[in-house]
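Asker: Sharing a structure with you now.
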Amino acid sequence: MERQPEIITLLNTMIQKLEILERDTKELRCENQQLRIDLLKHTATGWQSPLVVARALGFEGSDLSVVKKMHRLRDKGTFSRIGKHYRVLNSGNRPTYQYHIENCDKALTKRTA
């Protein structure tokens, strides 16, 4: 019973340290994601996978969600021109697409202007 206050103090200290660690981890993840986006913006050019282009354009979310967004923009006509905005690498049951970073960026800029 004499050590109960010490144990409570120790537990409270551990909880505070855990909260700080969780906050720092979240900040590092956000920083890491922003660094990835910045790196892709400066290194990726030309024809790339939908994921690389989406990140370079600044789309946020899971890898799957940003790839789906690229395909939706193609389907809706924002990236409408085959050979300029996108190209199909194989046309089997599951076609593989690549997008042109600069041309897609121009199309998005034009759309939002």
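So for the sequence shown, full-length UniProt numbering puts the first residue at 1; every next one is plus one. Just so you know, even glycine gets a beta-carbon here, dropped at the ideal spot from N, CA and C.
Between which two residues does the alpha helix (DSSP H) harbouring residue 87 extend?
Answerer: As a first step, residue 87 must be located in the sequence shown, where it is residue number 87. It is not in any alpha helix (DSSP H) - residue 87 instead sits in the beta strand (DSSP E) that spans 86-90.
Asker: Between the C-alpha atoms of residue 21 and residue 28, what's the straight-line distance to the nearest angstrom?
Answerer: Taking the sequence shown and counting its residues from 1, the one referred to as residue 21 is at position 21. Taking the sequence shown and counting its residues from 1, the one referred to as residue 28 is at position 28. So the two alpha carbons sit approximately 10 angstroms from each other.
Asker: Applying the criterion that 16 or more other CB atoms from any shown protein chain within 10 Å of the CB defines a buried residue, is residue 3 buried or exposed?
Answerer: Position 3 of the sequence shown holds residue 3. Classification for residue 3: exposed.
Asker: Going by beta-carbon coordinates alone, are residue 97 and residue 88 separated by less than 8 angstroms?
Answerer: Counting from one through the sequence shown, the residue named residue 97 turns up at place 97. Counting from one through the sequence shown, the residue named residue 88 turns up at place 88. Yes. Within cutoff.
Asker: Below 8 angstroms CB to CB, which residues in the same chain sit around residue 90 once its five sequence neighbours on both sides are set aside?
Answerer: Along the sequence shown, one-based indexing puts residue 90 at 90. So the list reads 96, once near-sequence residues are dropped.
Asker: Do residue 7 and residue 45 count as a contact pair if the criterion is CB distance below 8 angstroms?
Answerer: Translated into the one-based positions of the sequence shown, residue 45 becomes position 45. Translated into the one-based positions of the sequence shown, residue 7 becomes position 7. Against a cut-off of 8 angstroms, the Cβ pair of residue 7 and residue 45 comes out as no contact.
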